[in-house]
Amino acid sequence: MRVNGAGLVQLINRYAEVVAENRTYLIELDSAIGDADHGENLDRGLKAAVAKLEEVAPTAPSDVLKTVATTLISKVGGAAGPLYGTAFLRASAAVQGKPELEASDIVAALRAAQDGLVARGKAEPGDKTMVDAWGPALTAAEGALLAGSDAVGVLAAAADAAEAGMRATVPLVARKGRASYLGPRSAGHQDPGATSTALLFRTMADLAAT
Ligand code: ADP
Ligand code: MG
Ligand code: MG
-4 MRVNGAGLVQ LINRYAEVVA ENRTYLIELD SAIGDADHGE NLDRGLKAAV AKLEEVAPTA
56 PSDVLKTVAT TLISKVGGAA GPLYGTAFLR ASAAVQGKPE LEASDIVAAL RAAQDGLVAR
116 GKAEPGDKTM VDAWGPALTA AEGALLAGSD AVGVLAAAAD AAEAGMRATV PLVARKGRAS
176 YLGPRSAGHQ DPGATSTALL FRTMADLAAT
């Protein structure tokens, strides 16, 4: 399987639907350890990205990802907008000039996205952030690629690992973002950003499998 720009537009459209379906859930998670806006922030940002993609109609993978990045950065307040925006921007740069992405390109884009997330947010593994879903997902994707998996297998492995990483945020004490203000009281709750990241990876895997 190869992914072109239209495939990435389809991904963003589908992720926007998934986020809308999970808006209340993400808000509930953020109300426990944050300020109850993660579902709202992402829903607004993805809806804006869908509208912008329709207006600009980019065709190259890199241009699709860049349009999403700039929209998220400009339209979403809070931590998650700039973080996801930076991830998409780095992914865009990683696939510059490629009309279609194969498994190794997808993994390179995911690696670049994570590097962007970490450069921007300075979170380390175990800080109870979206990095705790993204990191395991990337490790699993790289492992699956090395083992000879195609894009479908790579993304399925990544989605499973992202969900495991998401669940593993529950006992953690937050050391970054708003949840860190709660100190030890942040333990016992699943991180909202790790949850939206796991949803993103599951959306990629589901689309790749169809
Ligand atoms: P805000 O906290 O500004 O209201 P959101 O609620 O949209 O923003 O996003 C909160 C999520 O952002 C957290 O659940 C966490 O996963 C993620 N996050 C916060 N700070 C960081 C950081 N420094 N690095 C990575 N992720 C972070
Ligand atoms: Mg919030
Ligand atoms: Mg907020």
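Here the sequence shown is numbered in our numbering, starting from -4 and rising by one per residue. Even glycine gets a Cβ: it sits at the ideal position worked out from N, Cα and C. Quantities reported herein were computed from a predicted structural model and do not represent experimental measurements.
Asked	Found
Of the residues F196, S69, G121, the one placed nearest L133, counting alpha carbons only	F196
Among V45, I28, E12, nearest to A182 - alpha-carbon criterion	I28
Three-state secondary structure (DSSP) of E50	helix
Reference D201, options L6, G143, S87, G121, closest by Cα	L6
Boundaries of the alpha helix (DSSP H) in which D25 is found, first to last residue	18 to 28
Cβ shell of F83 (< 6 Å), same chain only, five flanking positions each side left out	L60, V63, A64
Cβ-heavy atom distance, D30 to ligand 2, below 7 Å	yes
Residue nearest to D110 in terms of C-alpha spacing, selected from E97, S144, E23, A89	A89
Cβ neighbour criterion (16 or more within 10 Å) applied to G92	exposed
Sub-8 Å separation of I22 and A15 beta-carbons	no
N8 - partner residues in DSSP beta bridges	DSSP output for N8 lists no bridge partner at all.
Rounded Cβ spacing between A203 and A157 (contact assumed at less than 8 Å)	Contact flag wrong, Cβ pair sits at about 14 Å.
Per-residue burial, Y176 [other beta carbons within 10 Å of its own, 16 or more giving buried]	exposed
Contact test: G73 Cβ vs ligand 2 heavy atom, cutoff 7 Å	yes
Per-residue DSSP class, three states only, for L167	coil
Own chain partners of I217 with C-beta closer than 8 Å, once the 5 adjacent residues on each side are dropped	Residue 217 lies beyond the residue range present for the chain, which begins at -4 and ends at 205; the question has no answer from this structure.
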